[in-house]
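Have a look at the structure below before the remarks.
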Amino acid sequence: MALLPILVAPDPRLKTKAKPVEAVDDDLRKLIDDMLETMYEAPGIGLAAPQVGVLKRLLVLDVAGKDDPPAPMAFINPEIVWESDDLNVYEEGCLSIPAHYAEVERPAAVRVRYLDRDGKRQEIEADGLLATCLQHEIDHLDGKLFIDYLSSLKRNMILRKLKKETQKSA
Numbered sequence: 003m004a005l006l007p008i009l010v011a012p013d014p015r016l017k018t019k020a021k022p023v024e025a026v027d028d029d030l031r032k033l034i035d036d037m038l039e040t041m042y043e044a045p046g047i048g049l050a051a052p053q054v055g056v057l058k059r060l061l062v063l064d065v066a067g068k069d070d071p072p073a074p075m076a077f078i079n080p081e082i083v084w085e086s087d088d089l090n091v092y093e094e095g096c097l098s099i100p101a102h103y104a105e106v107e108r109p110a111a112v113r114v115r116y117l118d119r120d121g122k123r124q125e126i127e128a129d130g131l132l133a134t135c136l137q138h139e140i141d142h143l144d145g146k147l148f149i150d151y152l153s154s155l156k157r158n159m160i161l162r163k164l165k166k167e168t169q170k171s172a
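If you're matching positions, the sequence shown starts at 3 in our numbering and goes up one per residue.
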């Protein structure tokens, strides 16, 4: 396994729509394992392939609590097939937008259809943190960031800070 570099906004690749995965093979499973290792090391609870520069519809996550054993999950070509009318607000952060957090309102529950790491079609119904995390990561596959839900004033302020921090470290 290998740690992958995580792209930071405003990298244009983060705004690009990812392509469907054509084949679930050993190369893809290695990418899943590398993404999980990268996510845990960061540390984070979710990571989409575009965040590591791979424009494929793939995401990994683990929303297990700190005292629980790891529960890694991989979603290949995920699609939301149902969402609740009820909404939830969570304070979201993102590995591609380090040290910035904001409250985002999303459907409280979703049903997601996807392929697992063996290429088998699955469906999961999620609520709470898992639902929020799935929606956040699926947004990445569509070139959307959580800051896109904020007012343009807040979004631009965060992007200016990130750009300044990137220029300092370059």
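Note that beta-carbon positions come from the ideal geometry of N, C-alpha and C, so glycine has one too.
Predicted, not measured: the structure shown is a model, and the values here were computed from it.
Q. Residues in its own chain within less than 7 Å of Cys96 by CB, not counting five upstream and five downstream?
A. Along the sequence shown, one-based indexing puts residue 96 at 94. Closer than 7 Å at the Cβ level, and outside the excluded window around Cys96, lie Leu147, Phe148.
Q.
Alpha carbons only, please: which of Met3, Ala133, Ala50 is nearest the one belonging to Thr1?
A. The structure shown has nothing for residue 1, since the chain only spans 3 to 172.
Q.
Taking DSSP's pairing of strands, which residues face Ile99 in a bridge?
A. Taking the sequence shown and counting its residues from 1, one reaches residue 99 at position 97. In the DSSP output, where bridge partners are listed per residue, Ile99 has Cys96.
Q: Return the CA-CA distance between Val114 and Thr168, expressed in angstroms with no decimal places.
A: As a position in the sequence shown, residue 114 is number 112, starting the count at 1. As a position in the sequence shown, residue 168 is number 166, starting the count at 1. About 35 Å.
**Q.** Rounded separation between Ala118 and His102 - CA only
**A.** Along the sequence shown, read from residue 1 onward, the residue named residue 118 stands at position 116. Along the sequence shown, read from residue 1 onward, the residue named residue 102 stands at position 100. Looking at the sequence shown, residue 118 is not Ala but Asp. Near 31 Å, if we compare the C-alpha coordinates of His102 and Asp118.
Q) So, using beta-carbon positions, are Pro12 and Leu164 closer together than 8 Å? A) Taking the sequence shown and counting its residues from 1, one reaches residue 12 at position 10. Taking the sequence shown and counting its residues from 1, one reaches residue 164 at position 162. Contact flag set, yes.
Q. Just the Cα atoms here: how many angstroms apart are Arg31 and Phe77?
A. Working through the sequence shown from its first residue, we reach residue 31 at position 29. Working through the sequence shown from its first residue, we reach residue 77 at position 75. Arg31 and Phe77 have their C-alpha atoms some 11 Å from each other.
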